[in-house]
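Notes for the one structure printed next.
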Amino acid sequence: MGCNRNCGLIAGAAIGAVLAVFGGVLVPVGDMLIEKTVKKEAVLEEGTTAFKNWVKTDTDVYRQFWIFDVQNPEEVEVHSSKIKVKSFTCNIYSKEL
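Under full-length UniProt numbering, residues 1 to 97 are what the sequence shown spells out, in order.
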């Protein structure tokens, strides 16, 4: 009394069709909901998640600047040689909040 091969194929096709329609509806609706939430919460206004994270971060903020001097610019431009650089300094600026 089970389901024969044709019954299984029909059931699989029906389930696949339902899932395809469900996915086709959810993709635009989901995109719309995500876009709406991001536009609402990403604004720097009091009461939003972005504002709370902007005012007080959980970690310290660092910014690094590396300055290099290219030793062989002509060879690199003309012959595509391997670049030779000399590092002058690494400046790290931190903002502890």
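Ideal Cβ placement from N, Cα and C applies to all residues, glycine included.
Predicted, not measured: the structure shown is a model, and the values here were computed from it.
Original post:
Which of the three DSSP states, helix, strand or coil, is assigned to Val-61?
Top reply: Three-state result, Val-61: strand.
Original post:
How big is the Cα-Cα spacing for His-79 and Trp-66?
Top reply: Roughly 26 Å between the two C-alpha positions.
Subject >> Beta-bridge partners of Cys-7, as assigned by DSSP >> reply: None, per the DSSP bridge assignment.
Subject >> His-52: first and last residue of the uninterrupted alpha helix (DSSP H) it sits in >> reply: Looking at the sequence itself, residue 52 is Lys, so the reference to His does not match. Per DSSP, Lys-52 belongs to the alpha helix (DSSP H) from 49 to 55.
Subject >> Spatial neighbours of Phe-68 in its chain, beta-carbon cut-off 8 Å, leaving aside the 5 residues before and after >> reply: The residues are Val-85, Lys-86, Ser-87 and Phe-88.
Original post:
Run through DSSP, which three-state label would Lys-39 get?
Top reply: Of the three classes helix, strand and coil, the one that applies to Lys-39 here is helix, per DSSP.
**OP:** Have a look at Phe-22 and Glu-46 and give me their C-alpha separation to the nearest angstrom.
**Re:** If I take the Cα positions, the gap works out to 37 Å.
Subject >> Val-76 versus Thr-59: straight-line alpha-carbon distance, rounded >> reply: For the pair Val-76 and Thr-59, the Cα-to-Cα distance works out to about 40 Å.
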